[in-house]
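The block underneath contains the structure these notes are about, expressed in structure tokens.
Protein chains: 2
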Amino acid sequence: MHESKELERQLPLALRAAYMALHRSTEAAFAKHGVTADQFVLLLTLSKVRALTQRELADRISSDPSTVRAMLVLLEKSGYIDRDSHPTDARAKTVSLTVAGRRKLRTLWNVGQPIRDELYGAMTPEEAELLLSLLRKVARSFQQERSLS
Amino acid sequence: MHESKELERQLPLALRAAYMALHRSTEAAFAKHGVTADQFVLLLTLSKVRALTQRELADRISSDPSTVRAMLVLLEKSGYIDRDSHPTDARAKTVSLTVAGRRKLRTLWNVGQPIRDELYGAMTPEEAELLLSLLRKVARSFQQERSLS
DNA sequence: TATTGTTATACTCTATAACTATA
DNA sequence: TATAGTTATAGAGTATAACAATA
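Respectively, the protein sequence lines represent chains R and X. Residue numbering for the first sequence follows our numbering, beginning at 1 and increasing consecutively. Residue numbering for the second sequence follows our numbering, beginning at 1 and increasing consecutively.
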């Protein structure tokens with residue numbers, strides 16, 4: 001009873017603190033490479049598929065079309081992504097990595113390796129697996145709430 | 001071997017997705033109350049102690065003095081916090097909640113209850129406890145890295 | 001009618017560097 | 001010398017609303 005009241009307060013703050021720590025480390029590591037942590041997430045998301053529309057991209061990185069556009073404009077200026085007209089939907093644009101974008105992503109992946117080592121060094125593989133599944137439960141619980149409205 | 005490579009990629013993204021989902025829900029819930037999710041975290045942090053300096057506050061909410069100052073200026077304008085000169089250190093200021101700030105925090109706590117219900121509804125109390133301890137391990141692993149520099 | 005993307009706009013958070021005052 | 005806070009400044013993400021073109 002009493003413990004759970006405390007837990008209730010601490011879990012959201014702990015989630016924030018853990019993310020902030022990760023985000024800050026990533027931001028610092030990427031600073032000299034001219035890419036933000038969020039831009040890295042966008043590039044990484046693009047690398048897993050051939051191409052996405054801006055709307056799909058916004059959903060996947062937990063953002064919105066307006067924000068994604070602002071990020072894409074910056075990334076396009078840096079030459080890391082292309083925006084082409086969609087083959088079947090004339091309203092949409094397909095976003096994809098350029099060759100330079102793929103190369104940059106490989107560099108960033110290596111730059112971020114010490115951060116991931118730090119992360120996984122703090123727990124066993126079993127704990128990491130468990131954490132992953134719990135985090136997904138958390139994300140899913142809010143997505144359901146979102147789709148209700 | 002191969003699974004762990006995938007896990008390695010997914011855990012940071014899952015942490016981000018979970019936090020973003022929480023943050024977005026919180027932001028939406030607080031929007032009509034004129035307070036951001038980050039300001040709520042600041043108020044909540046202040047509520048747990050009598051008073052803090054701006055430097056201490058920055059550390060506790062995983063931020064920096066400049067950002068904290070910007071937030072405090074807004075919160076002071078809204079009448080939720082006071083900044084008084086520190087009793088023994090003339091350089092420092094002590095930040096504390098006003099009566100209005102405490103009242104606002106109570107309101108915000110209630111407004112946020114459905115979000116926490118959503119969060120805890122997605123898992124058992126044991127899982128919540130486990131998630132909390134794993135998130136703390138994550139945060140601690142990066143704090144150590146930080147203090148080395 | 002609904003959806004994709006754009007544009008304009010405003011706000012918040014972030015972060016660095018130079019600075020003052022104090023320890 | 002180091003630290004607490006301020007200030008100026010710039011940039012990046014967030015988000016809403018109005019809009020055009022298309023489905």
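Backbone N, C-alpha and C fix where the C-beta goes; we use that ideal spot for every residue, glycine too. Please read all numbers here as calculations on a predicted model, not as lab measurements.
Shorter than 8 Å from the beta carbon of residue i to some beta carbon of chain X?
{"i": "Glu118 (chain R)", "result": "yes"}
{"i": "Ala29 (chain R)", "result": "no"}
{"i": "Gln39 (chain R)", "result": "no"}
{"i": "Leu52 (chain R)", "result": "no"}
{"i": "Ala17 (chain R)", "result": "yes"}
{"i": "Arg106 (chain R)", "result": "no"}
{"i": "Ser62 (chain R)", "result": "yes"}
{"i": "Arg102 (chain R)", "result": "no"}
Mind listing the chain X neighbours of residue i? Cutoff is C-beta to C-beta under 7 Å, in chain order.
{"i": "Met71 (chain R)", "result": "Here the premise fails: no neighbours, minimum Cβ distance about 14 Å."}
Any beta carbon of chain R sitting closer than 8 Å to that of residue i?
{"i": "Val138 (chain X)", "result": "yes"}
{"i": "Met1 (chain X)", "result": "Confidence at Met1 (chain X) is low in this model, with a pLDDT of 44, below 50, so the placement of that residue should be treated as unreliable; the coordinate-derived value is given next. False, the Cβ-Cβ gap to chain R never drops below 8 Å."}
{"i": "Glu127 (chain X)", "result": "yes"}
{"i": "Ala12 (chain X)", "result": "One detail in the question is off: residue 12 (chain X) reads as Pro in this sequence, not Ala. With 8 Å as the cut-off, Pro12 (chain X) counts as an interface residue toward chain R."}
Output the distance between the C-alpha atoms of residue i and residue j, rounded to the nearest integer angstrom.
{"i": "Phe30 (chain X)", "j": "Val99 (chain R)", "result": "42 Å"}
{"i": "Val138 (chain R)", "j": "Thr94 (chain R)", "result": "30 Å"}
{"i": "Ser96 (chain X)", "j": "Thr88 (chain R)", "result": "58 Å"}
{"i": "Asp84 (chain X)", "j": "Ala122 (chain X)", "result": "42 Å"}
{"i": "Lys77 (chain R)", "j": "Leu15 (chain X)", "result": "29 Å"}
{"i": "Glu126 (chain R)", "j": "Asp82 (chain X)", "result": "46 Å"}
{"i": "Tyr19 (chain R)", "j": "Leu57 (chain X)", "result": "18 Å"}
{"i": "Thr67 (chain X)", "j": "Ala90 (chain R)", "result": "43 Å"}
{"i": "Arg103 (chain R)", "j": "His33 (chain X)", "result": "45 Å"}
{"i": "Ala128 (chain X)", "j": "Arg136 (chain X)", "result": "12 Å"}
{"i": "Arg140 (chain R)", "j": "Ala21 (chain X)", "result": "9 Å"}
{"i": "Ala17 (chain R)", "j": "Arg69 (chain R)", "result": "28 Å"}
{"i": "Tyr154 (chain X)", "j": "Thr107 (chain X)", "result": "Since the first and last residues shown for chain X are 1 and 149, residue 154 (chain X) lies out of range."}
Name the chain X residues whose beta carbon is nearer than 8 Å to that of residue i?
{"i": "Glu8 (chain R)", "result": "Arg116 and Tyr120"}
Give the interface partners of residue i over in chain X, defined as CB-CB distance under 9 Å, in chain order.
{"i": "Ser66 (chain R)", "result": "Residues of chain X passing the Cβ test: none, with the nearest at roughly 14 Å."}
{"i": "Arg55 (chain R)", "result": "Neighbours of Arg55 (chain R) on chain X: none; closest Cβ ~17 Å, over 9 Å."}
(message) Could you check whether the stretch 48-65 of chain R touches the stretch 48-56 of chain X, counting it as contact only if at least three pairs of C-beta atoms, one from each stretch, sit closer than 8 Å?
(response) no
(request) Give a yes or no on contact between the stretch 1-20 of chain X and the stretch 126-137 of chain R, applying the rule of three or more CB pairs nearer than 8 Å. (result) yes
(request) Report yes or no: do the stretch 18-26 of chain X and the stretch 108-118 of chain X share at least 3 C-beta pairs separated by less than 8 Å? (result) yes
(message) Ignoring anything shorter than 3 residues, give me the beta strand (DSSP E) runs that lie fully in the stretch 76-125 of chain X, in order along the chain.
(response) 81-85 and 93-97
(message) Is it the case that the stretch 31-46 of chain X contacts the stretch 57-65 of chain X, given that we only count it when at least three CB pairs across the two stretches are under 8 Å?
(response) yes
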